[in-house]
Each structure stands twice: as structure tokens, then as C-alpha cells.
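*Asks:* Sequential numbering from 5 applies to the sequence shown in my numbering. Built from N, CA and C at the ideal position, the CB exists for glycine as well.
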Amino acid sequence: EDLETLGLLKIDVLALGMLTAIRKALALVNFDKPGGKPLSIQQIPAEDPDTYAMLQRGDSVGVFQVESRAQMAMLPRLKPHNFYDLVIEVAIVRPGPIQGDMVHPYLRRRQGLEPVSYASPGVRKVLERTLGIPIFQEQVIELAMVAAGFSAGEADQLRRAMAAWKKRGGLDHFEAKLVNGMLKRGHDEEFAHRIFNQIKGFGDYGFPESHAASFALLVYISAWLKCHQPAAFYCGLLNSLPMGFYSPSQLVQDAQRHNIEVRPLDVGISQWDHTLEPSDSAATEPALRLGLRMIKGLSVDAAERIMQAQQQLQTQQPSQTEQRSFRNAQELARMASLNDQQLGFLARSGALYQLAGHRHQAHWDVTGIAAPLPLEQPQVSGGTCAPQTTVRDPALQDTITLHAPSVTEDMFNDYRYTGLTLGPHPMTLLREHPELRGFRRAVDLEQYRTGQMVRMAGVVTGRQRPGTASGVVFLTLEDETGNTNMVIWASVMERFRAVLLQGQLLKFKGVVEREGRVIHVVAGHVEDASHLLADSVSAQQTFKSRDFH
């Protein structure tokens with residue numbers, strides 16, 4: 005504000021994670037076609053019908069700005085079919101338009117359920133592109149000038165006061181001038197007060213049209229990549245985390261729902277970043293190989309030594325067409341100079357499956373590898389000791405064979421040590437449990453009508469309590485088929501607060517609400533079923549939701 009008072013130009017430069025994700029996705033696309041013309045942002049075709057069809061379905065997990073729960077619910081209602089619709093989509097799900105009661109009138113007019121009218125030709129010129137409803141900050145300022153006779157300087161003062169009135173007040177003296185100015189120009193009192201209330205709503209944060217247009221460009225680019233280059237899109241997104249609303253587990257599940265083959269960690273193949281590999285099937289999309297970055301506790305330095313060892317293996321046998329992997333954990337430890345802690349991270353994560361067959365055997369194999377005494381370690385540049393490893397008892401290592409872990413044990417360890425699983429979802433393993441019989445899956449809600457009672461159960465992956473929602477909590481419930489949007493009214497939240505805030509696996513009884521493709525379940529009763537996820541300590545450490553307040 006001080007810079008503006010001095011008349012200095014102020015430019016906001018946003019370091020957006022999505023820019024990194026797009027850059028990495030494009031690099032992956034271009035890596036697969038070295039002889040062809042590289043794909044750039046400028047070459048992405050405009051107004052692609054398939055991209056808009058995907059967005060109209062609310063299929064926007066990972067897409068910039070429209071991946072939130074509120075935006076995903078808005079997409080099937082607004083049904084964007086061109087770029088300017090995306091500009092409106094970005095701006096309309098904001099506290100300003102919501103508090104100013106602009107969302108529902110705009111949607112009704114867009115759907116032809118309410119006539120579009122303008123108070124004057126001047127007002128029409130300002131609001132015609134948004135069907136008579138002010139959506140952007142610029143429109144509010146223009147309305148003050150066109151409808152109330154404000155000068156450009158007065159309109160700028162209104163803009164500043166509008167942005168700060170909740171902190172310091174300052175809009176009261178504008179109300180009389182605005183209302184009186186509109187009345188003098190022939191507008192009725194209802195219109196005048198409605199415009200002022202909408203201006204107050206923008207004090208809760210509304211978007212300038214220029215800002216929304218810039219964001220809409222990234223919405224379209226990321227949506228096009230998801231629609232037409234999904235493997236590269238998900239790979240670029242996963243390599244750019246942390247960012248956005250979704251955990252790696254949720255993004256991987258969404259990739260699988262879009263028919264992307266996701267391959268497990270493999271110490272002989274996986275790089276630090278996730279990578280793309282040729283698919284074995286007839287699918288046109290490449291497979292996504294999970295990267296070593298997923299392994300909790302493993303350092304970048306250790307991963308780089310593993311990758312150097314992988315390259316060394318290939319240079320040793322240049323004549324072989326198949327990629328050679330490490331023979332066993334001992335060879336891996338020796339070539340990559342891994343200590344017992346680093347080997348333990350790899351074993352527990354499942355990255356040694358190809359060497360040992362399963363986690364139990366891998367963990368046993370690496371416990372037989374010990375670091376030598378400091379005097380035994382070779383010197384490297386600078387006089388420091390390079391970490392080396394030796395085998396305690398190779399004969400004993402080869403004679404011990406352990407039983408494989410159960411599917412449930414593997415699932416828990418996947419989540420605990422990598423944050424996701426490529427095996428069965430927890431709800432798949434629990435679906436036939438007596439406590440969960442009769443509970444529906446997310447996919448089953450497609451068959452339900454508004455007002456029907458339903459029982460749902462799943463793992464909590466997100467909680468949101470927007471400031472504009474009057475105390476309502478929105479909870480995302482995940483099962484083996486997808487996500488269910490749960491609506492928790494304030495009264496229900498008060499009754500079940502501890503369960504809703506702390507439970508990892510919840511059971512709900514509620515009522516289905518649907519509007520077109522948008523389906524919610526309004527909760528009436530909640531029970532904690534976290535005890536079904538084995539012991540509660542493991543569950544608390546393993547299944548973590550992403551909560552936004």
C-alpha cells in the first residue's frame with residue numbers, strides 16, 4: 005500500500021509449484037520423442053474439446069487451481085467449454101463472490117433458470133461478460149464509476165478501502181455515496197444496496213480478472229497434459245511435491261484410475277525421481293516407475309550412490325540387451341557404499357524385492373552386512389573414509405529362508421515406509437469384516453438418489469473447514485473405488501468432534517445429496533473404526549490425512 009501511495013509500480017511474482025510440474029512433464033514428453041518437434045506450452049492446442057469434457061466431469065485431481073473440493077464440485081455445474089469460462093471458474097470459488105451471494109445467481113443465469121437483466125446500458129457494458137453478476141474486482145470498480153458516478157480517483161480509494169475494510173473498517177462513508185449516486189442515476193434502492201453488499205463481499209478476497217486469466221492459462225495447460233499426456237503429467241506432478249491438495253498416495257491412485265501402469269520401487273532400476281518406462285501392454289501410455297525419493301529416511305546422497313552403481317553395472321556388460329541388476333544385497337551394499345541404516349530403509353520400503361523376494365527376507369539379508377572398523381575403510385580425497393560394507397557370515401546368509409509377510413503386513417509397511425501402496429487398498433482387505441457389512445463403496449453412490457439414506461466407511465484423507473462455510477467441515481473418505489465427499493454440519497461436528505478430528509477409519513450414516521454429477525453425503529452419525537486398521541499406534545503413524553483450515 006505504501007508503494008502504491010508513492011506511485012511506484014508493484015508486481016507480484018508467484019513461485020508456483022505447478023510451473024515446475026508443467027516443466028518436468030513437458031521434459032518427459034519430449035524425452036520420449038528425441039527426433040520429433042519438442043512440445044512446448046505455446047504448442048499446446050487451444051480450446052481442446054476433450055480437455056473441457058474432462059473438466060466438466062470434475063475430473064481434475066492434480067489440475068492447477070481446480071483440484072480443491074469446492075472447485076471439483078463447481079466444474080460440473082459451471083461446465084466450462086472455453087478459456088473465458090476457466091477465468092470465471094478460477095474467480096468464482098473465492099470468499100468474495102461467495103460472501104457477496106454472486107455464485108448461485110450466476111449459475112442460475114448460466115443454466116437459463118433466471119433471466120439476465122441489466123439496470124442500464126452502462127451497467128450492461130460492465131457486466132455482460134459475466135451475465136449481469138460482478139465476479140471480478142475490476143467490475144466492482146467500474147460499477148462504482150458507471151452506476152454511481154465515482155471519479156477514477158474515488159474508485160481507486162474505494163478499491164483500497166474494499167481490500168482493508170474488515171481489518172480497519174472504512175467502507176461506511178462509501179455506502180452513502182454509492183447508494184445516493186446510484187439513486188440519482190435512476191437505479192432503484194434494491195439494486196444500489198445489492199451492489200454495495202457485493203462490494204463488501206469482495207473485502208473477503210476476490211480475484212482481479214487479470215489474475216484469474218493468468219491462473220486460467222495454467223489450469224488449461226495442466227488439464228490438457230492430464231487429458232492427453234497423463235503419464236508425464238502424473239510423473240511431473242509427483243516429482244514436484246510437496247504442492248497442491250493431494251498426497252503421493254492419492255495421486256498414484258488417480259493415475260491408476262486413468263489406466264496408468266504404476267511400477268514399484270526397484271533398487272536396480274528406480275532413480276531418485278519417478279521415471280517413465282515403456283509399457284509391456286498395448287497401452288499407448290508409458291508406465292510410471294516409483295522413485296527412490298519415496299523411501300522415508302533415504303538421503304539424496306545415498307540414492308545418488310545407488311544410481312552410480314546402477315550405471316557401473318551396465319558398463320560392465322555392454323553386450324547384454326537386458327539391464328543387469330544387483331545379484332544380492334551384498335553386491336548392492338559394496339557397490340553403492342551403503343551402511344546398515346540405509347540398507348534398512350531399502351529393505352523396509354520393499355525396494356529389494358527383486359533381490360530377496362519379500363520384505364522379511366530382505367531385512368534378514370541386510371542385517372548380515374556390517375560396516376568395517378574405521379581403520380579398514382579406504383581413504384578418499386580429502387583424507388576422509390568412504391563408507392564401505394562387509395558381510396559377516398555369507399554362508400549363514402544363504403541358508404536362512406524366511407516366510408513372506410502377509411498381504412496386510414505388506415500394505416502397512418508400504419504406507420509406513422513409502423506413504424503409499426500398489427497392493428490392495430486397506431478397505432479391500434476390510435470390506436468383508438462383520439463391522440463393515442452393508443457399508444457402500446464410493447462408486448455405489450452413482451446409483452443413489454437425493455434423499456436416500458446410506459452407510460459409508462473409508463480412510464480419512466482430508467479435512468477442510470473453510471471460513472466461508474459457517475462452521476461446516478468437509479471430509480474426504482477414501483476407499484478402494486474412489487473418494488466420497490462428506491458434509492459435516494456444525495451440530496454433527498459438535499457431537500462427534502473427537503472422532504472426526506482424530507479417526508483414521510470412519511463409519512458414517514448419512515443422506516445422499518446430488519446435483520447432476522456432483523454427489524455428497526450429509527453425515528448424521530459417525531463412528532470410529534480405526535481399530536480395524538490393526539493396532540491404533542501403527543494406524544496413527546501410517547494413515548495421515550491432509551487437513552486444511
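If contact is defined by three or more beta carbon pairs under 8 Å, each pair taking one atom from either stretch, is the segment 79-93 in contact with the segment 50-65?
*Replies:* yes
*Asks:* Please classify D557 as buried or exposed, where buried requires at least 16 other C-beta atoms within 10 Å of its C-beta.
*Replies:* The question about residue 557 has no answer, for the chain in this structure spans 5 to 553.
*Asks:* To the nearest angstrom, how far is the alpha carbon of G240 from that of A216?
*Replies:* 24 Å
*Asks:* Work out the CA separation of G361 and G423 for me, nearest whole Å.
*Replies:* 21 Å
*Asks:* Please report the straight-line C-alpha distance between D6 and E158, rounded to a whole angstrom.
*Replies:* 18 Å
*Asks:* Check the C-beta distance from L356 over to A333 and give it rounded, since I have them as a contact under 8 Å.
*Replies:* 6 Å
*Asks:* Identify whether H89 lies in helix, strand or coil by the three-state DSSP scheme.
*Replies:* Looking at the sequence provided, one finds Asp at residue 89 rather than His. Helix at D89.
*Asks:* Going by DSSP, which residues form a beta bridge with S507?
*Replies:* According to the sequence as given, residue 507 is Gly; it is not Ser. In the DSSP output, where bridge partners are listed per residue, G507 has none listed.
*Asks:* Does the Cβ-Cβ distance between P268 and L294 come in under 9 Å?
*Replies:* yes
*Asks:* Counting only the same chain and skipping the five closest in sequence on each side, list residues whose C-beta sits under 6 Å from that of N263.
*Replies:* Hits under 6 Å: none found.
*Asks:* List the DSSP bridge partners of G486.
*Replies:* Beta-bridge analysis with DSSP links G486 to D483.
*Asks:* Does the distance from the CB of Y250 to the CB of E439 come in under 9 Å?
*Replies:* Against a cut-off of 9 Å, the Cβ pair of E439 and Y250 comes out as no contact.
*Asks:* Give the DSSP-derived three-state secondary structure of V271 in the structure shown.
*Replies:* coil
*Asks:* Inspect the CB distances between the segment 404-423 and the segment 506-523 and report whether three or more fall short of 8 Å.
*Replies:* no
*Asks:* Please state if the CB of F68 and the CB of I225 are separated by a distance shorter than 9 Å.
*Replies:* yes
*Asks:* State the start and end residues of the unbroken beta strand (DSSP E) segment that holds E531.
*Replies:* 522-532
*Asks:* Is the beta carbon of V464 closer than 9 Å to that of L479?
*Replies:* Yes, they are a contact pair.
*Asks:* Check for me: the beta strand (DSSP E) holding V447 runs from which residue to which?
*Replies:* Where V447 is concerned, there is no enclosing beta strand (DSSP E), given that its DSSP letter is neither H nor E.
*Asks:* Does DSSP put K513 in a helix, in a strand, or in coil?
*Replies:* strand
*Asks:* Within the same chain, show all residues whose beta-carbon is closer than 8 Å to that of K188, passing over the 5 residues directly before and after it, in chain order.
*Replies:* G153
*Asks:* Using a 10 Å radius around the Cβ and a threshold of 16 neighbouring Cβ atoms, would you call E498 buried or exposed?
*Replies:* exposed
*Asks:* What does DSSP give as the partner residue(s) for E281 in the beta ladder?
*Replies:* A291
*Asks:* Distance, Cα to Cα, A31 vs D532?
*Replies:* 45 Å
*Asks:* So what does G3 bridge to, in DSSP terms?
*Replies:* Lying before the first or after the last residue shown, residue 3 is absent from the chain, which here runs from 5 to 553.
*Asks:* Of the residues Q508, L536, R501, which one's Cα is nearest the Cα of H529?
*Replies:* R501
*Asks:* According to DSSP, simplified to helix, strand and coil, what is M457?
*Replies:* strand
*Asks:* Taking 7 Å as the limit between beta carbons, can you name the residues of its chain near I48, skipping five residues before and five after?
*Replies:* I225, W228
*Asks:* Straight-line CA distance for V384 to G272?
*Replies:* With a pLDDT of 43 at V384, under the threshold of 50, the modelled position of that residue is not reliable, and no figure is offered here.
*Asks:* List the residues that DSSP assigns as beta-bridge partners of I492.
*Replies:* V477
*Asks:* Taking the alpha-carbon positions, what's the M247 to A25 distance?
*Replies:* 10 Å
*Asks:* Which partner residues of E519 appear in the DSSP bridge assignment?
*Replies:* V522
*Asks:* Contact defined as beta carbons within less than 8 Å: I believe H85 pairs with Y110. What is the distance between those atoms, to the nearest angstrom?
*Replies:* Actually they do not touch by this definition, with Cβ atoms about 16 Å apart.
*Asks:* When DSSP labels each residue in this structure, what does V266 get in the three-state scheme?
*Replies:* Residue state, collapsed to three classes: strand.
*Asks:* Taking Cβ positions, are F443 and M460 nearer each other than 9 Å?
*Replies:* yes
*Asks:* Would V107 be called buried (16 or more neighbouring beta carbons within 10 Å of its own) or exposed?
*Replies:* buried
*Asks:* Note down, one range per segment and in chain order, each alpha helix (DSSP H) of at least 4 residues found wholly within the segment 52-136.
*Replies:* 53-60, 73-82, 87-96, 99-103, 107-114, 125-131
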